[in-house]
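Heads up: the sequence shown begins at 71 in my numbering, then just goes up one per residue.
We put the CB at the ideal spot given by N, CA and C, even for glycine.
Comments concern the structure below.
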Amino acid sequence: MKNKICRVRSALILVFAIFTLAACSTQSKKQAAPKTPLTTKAIQDTQFLMGTVCTIKIYNKNKSNALDDSFDRIKQLANEITVNQKGSEIDKINNHSGENPVKVTPSIYRLCKDAYYYSQNSDGSYDMAIGPITSLWRIGFPDAHKPKQSQISARLPLVNYKNVVFNDKKQTVYLKKKGMKLDLGGIAKGFISDEVKKVLQKDGVTSAIIDLGGNVYVLGESPTNHSNWTVGVQDPKQSRGTAIGTVPEMNTTVVTSGIYERYLKVGKTIYSHPMNPRTGYPFQNNLMGVTIVTKYSTDGDALSTATFDKGLKDGYKYIEREKDTDAIFITKDKKVYVTSGLQKKFKLFSDSGYKLAHISDVK
């Protein structure tokens, strides 16, 4: 997705007789379909959408229709969310900044409200109005470049989620300043993952893997052991499929943000994709990757961005305050810090090259 805050989104691999993952979805208008028996041979499809690889694997028999419904839903939402694309709802909002409110579809309105909630919840560490900055750097695209300081300074005053105005009755979104731009890349794939899950469940699917470019959701039980899936946590310095450890999960999302998958190199300096809304430059701290484990992908997506901004100590405290949410922090000196809810669940591979550490040791 264009202007997407980078997410190494570590292709959190599933280790269960299958090593890679899956998914994307569609809102079916049918009544809930009857459940069907599980199978270890997945019905699956992979498509390149939103600038990333989307895979869905279904472990119920005779559910190929659910794949079609899911990808239809992904395409519908991608068309509404992706900027610089015909029919984009976000483009409409951005193009009328400082002019007038724009009425949007119910789904996009919910997405924007979710983005506003996490902008507020994180005290602006995640800012839904980061668009003027991400569209300036263009990291991840062929025309990526380091802007002049004067250009960054001119656009920074436009980055402020508090200038996004909602009208619940009319379902409109309004950007108060001319030149403001929404960039929902830090939450959109999570939102779409949750929508895909709804489609799958409506179609009677009880066991599946959804993977939108590494934004992973494991639905129901694994057909292999009728219990938790084993989800691998990506090594942010290696190619996708290389895990540093695993967590056992069910009906859970695992979302990772990192600095190594999309970046811009200028001379000897490497600029990663995640942007600091306060400085207009990529984040600069000791974090190499942050993995969020929680119930909803929308939450995981936004929290991984916000936590990356806060750094290790403040990010750790932030996640500990969030209900039903945990995190795995990987630092540039190859240490791994795990929040309280995962300390007995996360298993670090002995040959990973990483070392478990405790947050109390951080000065």
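Just to confirm before moving on: does the CB-CB distance between residue i and residue j stay below 9 Å?
{"i": "Ser167", "j": "Lys251", "result": "yes"}
{"i": "Gln304", "j": "Thr326", "result": "yes"}
{"i": "Gln114", "j": "Cys124", "result": "no"}
{"i": "Ile151", "j": "Met120", "result": "yes"}
{"i": "Tyr424", "j": "Ile257", "result": "no"}
{"i": "Phe416", "j": "Val317", "result": "yes"}
{"i": "Lys402", "j": "Asn346", "result": "no"}
{"i": "Tyr236", "j": "Tyr179", "result": "Before going further, note that residue 236 is Phe rather than Tyr in the sequence given. It is a contact, given that the beta carbons lie within the stated cut-off."}
{"i": "Asn411", "j": "Asp396", "result": "Checking the sequence, you will find Gly at residue 411 rather than Asn. For Gly411 and Asp396, yes; Cβs fall inside 9 Å."}
{"i": "Val172", "j": "Val234", "result": "no"}
{"i": "Gly350", "j": "Ile222", "result": "yes"}
{"i": "Ala136", "j": "Asp273", "result": "yes"}
{"i": "Ser367", "j": "Tyr129", "result": "no"}
{"i": "Ala148", "j": "Ile279", "result": "no"}
{"i": "Ile200", "j": "Cys182", "result": "no"}
{"i": "Thr122", "j": "Lys259", "result": "yes"}
{"i": "Gly328", "j": "Ile400", "result": "yes"}
{"i": "Gly290", "j": "Asn321", "result": "yes"}
{"i": "Ala376", "j": "Tyr187", "result": "no"}
Apply the 10 Å Cβ neighbour rule to residue i and answer buried if 16 or more other Cβ atoms are within range, or exposed otherwise.
{"i": "Val360", "result": "buried"}
{"i": "Leu228", "result": "buried"}
{"i": "Ile398", "result": "buried"}
{"i": "Asp384", "result": "exposed"}
{"i": "Phe261", "result": "buried"}
{"i": "Lys380", "result": "buried"}
{"i": "Glu265", "result": "buried"}
{"i": "Asp421", "result": "exposed"}
{"i": "Pro202", "result": "buried"}
{"i": "Val336", "result": "exposed"}
{"i": "Pro212", "result": "exposed"}
{"i": "Leu91", "result": "Because Leu91 sits at a pLDDT of 37, beneath the cut-off of 50, its placement in the model cannot be relied upon, and the following sentence gives the value as read from the coordinates. With 16 or more Cβ atoms within 10 Å of its Cβ, Leu91 is classed as buried."}
{"i": "Ile107", "result": "Looking at the sequence provided, one finds Pro at residue 107 rather than Ile. That one is exposed."}
{"i": "Glu319", "result": "buried"}
{"i": "Pro306", "result": "buried"}
{"i": "Pro176", "result": "exposed"}
{"i": "Arg348", "result": "exposed"}
{"i": "Ser297", "result": "exposed"}
{"i": "Thr300", "result": "buried"}
{"i": "Leu426", "result": "exposed"}
{"i": "Asn230", "result": "buried"}
{"i": "His428", "result": "exposed"}
{"i": "Asp193", "result": "exposed"}
{"i": "Lys393", "result": "exposed"}
{"i": "Lys99", "result": "Only weak support is given to the placement of Lys99: the predicted model assigns it a pLDDT of 46, under 50, and the question is left unresolved by the model."}
{"i": "Lys433", "result": "exposed"}
{"i": "Lys267", "result": "buried"}
{"i": "Arg391", "result": "exposed"}
{"i": "Ser134", "result": "exposed"}
{"i": "Cys94", "result": "For Cys94, the pLDDT reaches just 38, beneath the cut-off of 50, and the residue's location in the model is therefore unreliable, although a value from the coordinates is still provided. So Cys94 ends up on the buried side."}
As a quick exercise: from the options, pick the residue whose alpha carbon is nearest that of residue i.
{"i": "Thr364", "options": "Ser342, Phe378, Val286", "result": "Val286"}
{"i": "Asn191", "options": "Lys433, Lys425, Ser374, Lys405", "result": "Ser374"}
{"i": "Val275", "options": "Leu418, Arg332, Lys127, Val432", "result": "Lys127"}
{"i": "Gly232", "options": "Thr204, Met198, Pro352", "result": "Checking the displayed sequence, the identity of residue 232 turns out to be Lys instead of Gly. When each option's Cα is compared against that of Lys232, the closest is Met198."}
{"i": "Leu206", "options": "Ser220, Gly194, Lys246, Asp193", "result": "Ser220"}
{"i": "Leu382", "options": "Gly370, Asp369, Val408", "result": "Val408"}
{"i": "Lys216", "options": "Ile340, Arg143, Arg391, Tyr187", "result": "Ile340"}
{"i": "Glu169", "options": "Lys246, Tyr186, Arg332", "result": "Lys246"}
{"i": "Gly249", "options": "Ala224, Ala214, Lys267, Ile329", "result": "Ala224"}
{"i": "Asn132", "options": "Met358, Ala372, Thr110", "result": "Thr110"}
{"i": "Asn154", "options": "Asp253, Gly302, Asn295, Arg332", "result": "Asp253"}
{"i": "Asp371", "options": "Pro293, Gly255, Lys156, Lys218", "result": "Gly255"}
Going by DSSP, what residues sit across from residue i in a beta bridge?
{"i": "Asn355", "result": "DSSP lists no partner for Asn355."}
{"i": "Cys124", "result": "Gln117, Leu282"}
{"i": "Ile203", "result": "Paired residues: none, contrary to the question."}
{"i": "Asn149", "result": "DSSP, once it has assigned bridges, lists no residue as partnering Asn149."}
{"i": "Leu418", "result": "Gly315"}
{"i": "Ala397", "result": "Ile362"}
{"i": "Thr349", "result": "Thr349 pairs with nothing; no bridge assigned."}
{"i": "Gln304", "result": "Ala313"}
{"i": "Lys173", "result": "Thr242"}
{"i": "Asn237", "result": "Thr242"}
{"i": "Gly328", "result": "Gly359"}
{"i": "Tyr130", "result": "Before going further, note that residue 130 is Asn rather than Tyr in the sequence given. Leu108, per the DSSP bridge assignment."}
Give me the Cβ distance between residue i and residue j, rounded to the nearest whole Å; I'm assuming they're in contact under 8 Å.
{"i": "Pro344", "j": "Phe378", "result": "5 Å"}
{"i": "Ser263", "j": "Thr323", "result": "7 Å"}
{"i": "Val174", "j": "Gln241", "result": "6 Å"}
{"i": "Val269", "j": "Asp139", "result": "5 Å"}
Using a Cβ-Cβ cut-off of 9 Å, state whether residue i counts as contacting chain D.
{"i": "Thr152", "result": "In the structure shown, chain D does not exist; there is a single protein chain."}
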